[in-house]
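First residue of the sequence shown: 677, per our numbering; consecutive thereafter. Cβ coordinates follow ideal geometry from the N, Cα and C atoms, glycine included. Working notes, beginning with the structure itself.
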Amino acid sequence: MGNQHIIYMDHSATTYTKKDVVDAMLPYFTQHFGNPSSIYGIARESKQAIDAARAQVAKAIGAQPEEIYFTSGGSESDNWAIKGVAYANRKRGTHIITTGIEHHAVLHTCQFLEKEGFTVTYLPVDRYGRVDPADLEKAITDKTILVSIMYANNEIGTLEPIRELAAIAQKHKVYFHTDAVQAIGNVPLNVKDEKIDLLSLSAHKFYGPKGVGALYIRNGVRIENLIHGGGQERKKRAGTENIAGIVGCGKAIELATADIEGHNARIRAMRDRLSKSILETIPNARLNGHPTERLPGNLNISFEFIEGESMLLWLDDEGICASTGSACTSGSLEPSHVLLATGLPVEISHGSLRLTLGDANTEADVDFVLEVLPKVVSRLREMSPLYQKAGKNGGCNV
677 MGNQHIIYMD
687 HSATTYTKKD
697 VVDAMLPYFT
707 QHFGNPSSIY
717 GIARESKQAI
727 DAARAQVAKA
737 IGAQPEEIYF
747 TSGGSESDNW
757 AIKGVAYANR
767 KRGTHIITTG
777 IEHHAVLHTC
787 QFLEKEGFTV
797 TYLPVDRYGR
807 VDPADLEKAI
817 TDKTILVSIM
827 YANNEIGTLE
837 PIRELAAIAQ
847 KHKVYFHTDA
857 VQAIGNVPLN
867 VKDEKIDLLS
877 LSAHKFYGPK
887 GVGALYIRNG
897 VRIENLIHGG
907 GQERKKRAGT
917 ENIAGIVGCG
927 KAIELATADI
937 EGHNARIRAM
947 RDRLSKSILE
957 TIPNARLNGH
967 PTERLPGNLN
977 ISFEFIEGES
987 MLLWLDDEGI
997 CASTGSACTS
1007 GSLEPSHVLL
1017 ATGLPVEISH
1027 GSLRLTLGDA
1037 NTEADVDFVL
1047 EVLPKVVSRL
1057 REMSPLYQKA
1067 GKNGGCNV
């Protein structure tokens, strides 16, 4: 695209690394590069940096430093939480509860465990993507050992009633894990107050580096190791530590949680203006996800009679980076499992667009998207046989 200005509205996919974070990381590539497992001076400097980052992460989520274990990111943390609890508690039970709208790092892990002899219940969600706590209560049996429900959905932005869900799990003496990858920096949370036993996070979702994350494991939780080898991470997670990445994770979460409400006010205002204008000016469009209980920067809208991947390509030609509810870009012809779980028909699910705003965005970006998007939708619909056959009338707004 040459010198074309890029408008990035895909912050749920990843974020840029902030300058303050990069600055904090740089010395640990070239100056303080010692292996933390060694005993000489520069090694001790590395260990001290990791300890400081552990304290930063712990403070951000209301945990103790010794309950934070650094990983390679959200997927590893999810795998470790679910497999680790399953294997460590197998004699007590083999039943796991999750939902049908989880990230694939959770869904595929649960499907793997089903092949290992575990049984998994996939809770339904309502039209907004929210779990009914009563459904969790009914699903728990005397064989249930783990409940894993995401804090906020990565596609439609819906926030789950985590406090209620975790309280139910605790009442039945069942471990509660939440994938909070999308929530950190967007939602104030406290693992102690909310009775969370395990929590996954990933630095690149809150303006930190890629390839580093963490798993919170409450003191007393029985869990097996996922990666075996050396004695790193207090003998829980083997592998030489990614010192620079860990330092970046600590700095990024400190910045992201310093003033969540103040920070989100600007993001939410842009999101709401974008949503209101799109729904008012483009016919046969509908908002996906909960209208109010959602991430501040998330906007997921379905446009009837068109296909999401085509929308992405046309928007990309204009320099707009977005995502879609359709899984076509991953080589699959299936629409989003999240949208289908909310009851959205397949044909409408295929025409979904996810715009996720963040610190890279300005009001001018919103203006440009509002100028371009209606034209893109109109052009694609004019080429759609379904649109012509329907007489240019649809049902999304009904």
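(request) Measure the alpha-carbon distance for ASN866 versus ALA961 and round it to whole angstroms. (result) Locating residue 866 in the sequence shown gives position 190, counting from the first residue. Locating residue 961 in the sequence shown gives position 285, counting from the first residue. Straight-line spacing of the CA atoms in ASN866 and ALA961 works out to 36 Å.
(message) Going by C-alpha to C-alpha distance, which of ASP1035, ILE982, SER1028, GLU969 sits closest to MET946?
(response) For the purposes of this step, residue 946 is taken as residue 270 along the sequence shown, with counting starting at 1. Of the residues ASP1035, ILE982, SER1028, GLU969, the one whose Cα lies closest to the Cα of MET946 is ASP1035.
(request) Determine the direct distance from the alpha carbon of CYS997 to that of ASP686, and round the result to whole angstroms. (result) As a working mapping, residue 686 is identified with position 10 in the sequence shown. As a working mapping, residue 997 is identified with position 321 in the sequence shown. Their backbone Cα atoms lie some 6 Å apart in a straight line.
(message) Assuming HIS853 is part of the beta strand (DSSP E), what are its boundary residues?
(response) Here residue 853 corresponds to residue number 177 of the sequence shown, with the count starting at 1. HIS853 -> beta strand (DSSP E) spans 851-855.
(request) Measure the C-alpha to C-alpha separation of ASP935 and GLY861 and round it to an integer number of angstroms. (result) The count along the sequence shown starts at 1 and reaches residue 935 at position 259. The count along the sequence shown starts at 1 and reaches residue 861 at position 185. When rounded, the separation of the alpha-carbon atoms in ASP935 and GLY861 is 9 Å.
(message) Going by DSSP in three states, THR785 sits in which element: helix, strand or coil?
(response) What you label residue 785 is simply residue 109 of the sequence shown in a count that begins at 1. Helix at THR785.
(message) As a quick exercise: from PHE1044, HIS681, LYS759, pick the residue whose alpha carbon is nearest that of ILE903.
(response) Your numbering for residue 903 matches position 227 in the sequence shown. Of the listed residues, the one whose Cα sits closest to ILE903 is LYS759.
(request) Would you mind listing the alpha helix (DSSP H) stretches within the region 933-998 that are 4+ residues and don't spill past its ends, in chain order? (result) Listed in chain order, they are 936-957, 984-993.
(request) Kindly give me the distance between the Cβ atoms of LEU822 and ILE899, rounded to whole angstroms, as I take these residues to be in contact under 8 Å. (result) Reading the sequence shown from its first residue, position 146 is the one you call residue 822. Reading the sequence shown from its first residue, position 223 is the one you call residue 899. Incorrect: roughly 10 Å between the Cβ atoms, too far for contact.
(message) Quick check: what's the CA-CA separation for TYR716 versus PHE709?
(response) In the sequence shown, residue 716 corresponds to position 40, counting from 1. In the sequence shown, residue 709 corresponds to position 33, counting from 1. Going by the C-alpha atoms only, they are around 12 Å apart.
(message) Just to confirm before moving on: does the CB-CB distance between ALA1017 and VAL807 stay below 7 Å?
(response) Translated into the one-based positions of the sequence shown, residue 1017 becomes position 341. Translated into the one-based positions of the sequence shown, residue 807 becomes position 131. In this structure, VAL807 does not lie closer than 7 Å to ALA1017 by Cβ.
(request) Give me the Cα-Cα distance between GLU937 and LEU971, rounded to the nearest whole angstrom. (result) As a working note, residue 937 is residue 261 in the sequence shown. As a working note, residue 971 is residue 295 in the sequence shown. Distance from the CA atom of GLU937 to the CA atom of LEU971, rounded to whole angstroms, is 12 Å.
(message) Let me make sure I understand the geometry here. Which of LEU1020, SER1012, GLY984 has the alpha-carbon closest to that of VAL1053?
(response) In the sequence shown, counting from the first residue as 1, residue 1053 sits at position 377. The shortest C-alpha separation from VAL1053 is found at GLY984.
(message) Please report the distance separating the alpha-carbon of THR1005 from that of SER999.
(response) The sequence position of residue 1005 within the sequence shown is 329, counting from 1. The sequence position of residue 999 within the sequence shown is 323, counting from 1. Its pLDDT being 45, under 50, THR1005 is placed unreliably by the model, and the measurement read from it follows with that caveat. Roughly 9 Å separates the two Cα atoms.
(request) Pick out whichever of LEU1031, LEU1056, GLY889, ALA941 has its Cα sitting closest to the Cα of VAL1045. (result) The residue you call residue 1045 lines up with position 369 of the sequence shown. Relative to the Cα of VAL1045, the nearest Cα in the group LEU1031, LEU1056, GLY889, ALA941 belongs to LEU1031.
(message) Which of the three DSSP states is assigned to THR817 in this structure?
(response) The residue given as residue 817 occupies position 141 in the sequence shown. Coil, per DSSP.
(request) Taking all protein chains shown into account, decide if ASP948 is buried (16 or more other Cβ within 10 angstroms of its Cβ) or exposed. (result) On the sequence shown, position 272 is the one that residue 948 refers to. ASP948 counts as exposed, since fewer than 16 other C-beta atoms from the protein chains shown sit within 10 angstroms of its C-beta.
(message) Using C-beta distances below 8 Å, list every residue in its chain close to VAL782, excluding the 5 sequence neighbours before and after it, in chain order.
(response) Within the sequence shown, residue 782 is the residue found at index 106, counting from 1. Excluding positions up to five away in sequence, the list reads ASP754, ILE758, THR774, SER824, MET826, ASP855.
(request) Can you give me the start and stop residues for the beta strand (DSSP E) that GLY889 sits inside? (result) The count along the sequence shown starts at 1 and reaches residue 889 at position 213. 889-893 is the extent of the beta strand (DSSP E) around GLY889.
(message) What does the alpha-carbon distance come out to for the pair VAL857 and LEU877?
(response) As a working mapping, residue 857 is identified with position 181 in the sequence shown. As a working mapping, residue 877 is identified with position 201 in the sequence shown. Each residue's alpha carbon lies about 4 Å from the other.
(message) Restricting to Cα atoms, I'd like to know which of ASN964, GLY973, PHE979 is closest to TYR958.
(response) In the sequence shown, counting from the first residue as 1, residue 958 sits at position 282. Reading off the sequence, residue 958 comes out as Ile, not Tyr. Closest option to ILE958, Cα to Cα, is PHE979.
(message) Let me check understanding here. Comparing Cα to Cα, which of LYS886, ARG894, GLY884 lies closest to ASP873?
(response) For this step, residue 873 is matched to residue 197 along the sequence shown. Among LYS886, ARG894, GLY884, the Cα nearest to that of ASP873 is on ARG894.
(request) Taking only the alpha-carbon atoms, compute the straight-line gap between PHE705 and LEU812 and give it to the nearest angstrom. (result) Here residue 705 corresponds to residue number 29 of the sequence shown, with the count starting at 1. Here residue 812 corresponds to residue number 136 of the sequence shown, with the count starting at 1. When rounded, the distance between both Cα atoms is 46 Å.
(message) Excluding the 5 residues flanking ALA914 on each side, which residues of the same chain have their C-beta closer than 6 Å to its C-beta?
(response) Indexing the sequence shown from 1 puts residue 914 at position 238. Excluding residues within five positions, the ones whose Cβ falls inside 6 Å are ILE903, HIS904, GLY905, GLY906, GLN908.
(message) My output table needs one value for SER713: the three-state DSSP class, helix, strand or coil.
(response) Counting from 1 along the sequence shown, the entry for residue 713 is found at position 37. In this structure, SER713 counts as coil in the three-state DSSP scheme.
(request) Thinking ILE919 and SER722 are a contact (beta carbons under 8 Å), I'd like their distance in whole angstroms, please. (result) Counted from its first residue, the sequence shown places residue 919 at position 243. Counted from its first residue, the sequence shown places residue 722 at position 46. ILE919 to SER722, Cβ: 5 Å. Contact.
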